[in-house]
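J.:
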Amino acid sequence: MKNKTSKIVILSGAGISAESGLGTFRDKGGLWDEYDINDVATPEAWEKDPELVLDFYNKRRSLVLEAKPNAAHYALVELENHYDVHIITQNIDDLHEKAGSNKIIHLHGEILKAQSVNDPDKQYVLNTSKIQLGDLAPDGHQLRPHVVWFGEAVPRLEDAEELIMNANVLIVIGTSLNVYPAANLIYACTDKCEKYIIDPNELSSVKFKNLIHIKGNATDKIPELVNELIHR
Ligand code: NAD
18 MKNKTSKIVI
28 LSGAGISAES
38 GLGTFRDKGG
48 LWDEYDINDV
58 ATPEAWEKDP
68 ELVLDFYNKR
78 RSLVLEAKPN
88 AAHYALVELE
98 NHYDVHIITQ
108 NIDDLHEKAG
118 SNKIIHLHGE
128 ILKAQSVNDP
138 DKQYVLNTSK
148 IQLGDLAPDG
158 HQLRPHVVWF
168 GEAVPRLEDA
178 EELIMNANVL
188 IVIGTSLNVY
198 PAANLIYACT
208 DKCEKYIIDP
218 NELSSVKFKN
228 LIHIKGNATD
238 KIPELVNELI
248 HR
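Here the sequence shown stands for residues 18 to 249, numbered as in this note's numbering.
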């Protein structure tokens with residue numbers, strides 16, 4: 018199967034960046050523990066207290082700016098030398114880009130970018146780690162993080178679905194598959210598609226025919242699987 022027309026699709030979540038020091042949703046003691054998700058990651062939260070929302074994302078942005086890709090991110094770059102690799106990530110960090118992957122869809126936005134509250138379709142790369150109240154987009158409206166909040170539409174969902182429908186191999190990494198509609202994407206793949214999920218924990222909610230669960234951390238298991246795919 019090894020050739021550049023064989024399509025490998027990666028669906029990554031917070032777990033792939035955990036070993037780069039960016040906490041997952043469910044980690045204890047992380048930034049998420051200090052805040053209630055409803056207070057910082059919904060349109061209602063923004064209406065109620067935009068300063069709190071900006072503060073939360075400003076703190077997360079500082080952590081992302083300091084974080085470095087890990088062995089899992091780099092192994093996926095190596096895979097591109099052998100296959101047509103597409104990454105669909107739920108992450109808002111830039112670690113796939115920093116590692117050097119080329120074809121990346123950010124389903125839930127990118128924290129290093131901002132958008133106007135009046136127009137989600139135009140994004141601005143931030144040249145500072147903070148967005149403050151009063152920082153305006155070129156259209157004269159307040160800037161907010163370029164992040165998809167709970168209850169907002171996921172703009173690249175159809176592109177992601179099409180990639181998965183045409184995948185020869187699907188590798189799901191470090192996502193609890195609890196956030197919808199992203200979690201439903203895995204069911205778009207065909208019966209012929211080889212399917213792996215890499216996660217140290219059991220994912221009881223995932224009911225999937227012919228799914229191979231590789232139990233372990235991304236930095237151990239991704240390089241092993243990539244090596245196997247390259248040498249088959
Ligand atoms: P999640 O926190 O719900 O699930 C993380 C999964 O990763 C869990 O199943 C966990 O067992 C697994 N995991 C933990 N450590 C791992 C490791 N070392 N290797 C492999 N797997 C590991 O995260 P989610 O499913 O991505 O959903 C959370 C939402 O929050 C997403 O929308 C995402 O955008 C956002 N988020 C993003 C970041 C980021 O950008 N780095 C971090 C936290 C949350």
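A virtual CB, placed ideally from N, CA and C, is assigned to each residue, including glycine. Remember, predicted model here, so these are calculated numbers, not experimental data.
(1) Who are the near neighbours of K212 in its chain, counting only those whose CB is closer than 7 Å to its CB and skipping five residues on each side?
(2) Sort E219, R173, K130 by Cα distance to S79 and report the nearest one.
(3) Can you tell which of V134, T41, G168 has the C-alpha that lies nearest to the C-alpha of Q159?
(4) Once you ignore the five residues that flank K209 on each side, which residues in its own chain have a CB closer than 7 Å to its CB?
(5) What residue range is occupied by the uninterrupted alpha helix (DSSP H) comprising I133?
(6) Quick check: is any heavy atom of ligand 1 less than 8 Å from the C-beta of V196?
(7) Confirm, please, whether the CB-CB distance from A184 to I25 is below 9 Å.
(8) Given a cut-off of 9 Å on the beta-carbon distance, is the pair E36 and N75 in contact?
(9) How would you call Q162, buried or exposed, if buried means at least 16 neighbouring beta carbons within 10 angstroms?
(10) Sorted by chain position, which residues of the same chain lie with C-beta nearer than 7 Å to V70's C-beta, five sequence neighbours on each side aside?
(11) For D138, does the three-state DSSP call read helix, strand or coil?
(12) May I ask you to list the residues that DSSP assigns as paired with Y213?
(13) Quick check: does the Cβ of Q107 come within less than 8 Å of any heavy atom belonging to ligand 1?
T.: The structure says:
(1) L187, C206, F225, N227, L228, I229
(2) K130
(3) V134
(4) none
(5) For clarity, residue 133 is Ser in the given sequence; the question names Ile instead. Note, S133: premise wrong, no alpha helix (DSSP H); beta strand (DSSP E) at 126-133.
(6) yes
(7) yes
(8) No, the Cβ-Cβ distance between E36 and N75 is not below 9 Å.
(9) Just to set this straight, residue 162 is Pro in the shown sequence, not Gln. P162 should be labelled buried.
(10) V57, A62, W63
(11) strand
(12) I188, I229
(13) It does: the Cβ of Q107 is within 8 Å (strictly closer) of some heavy atom of ligand 1.
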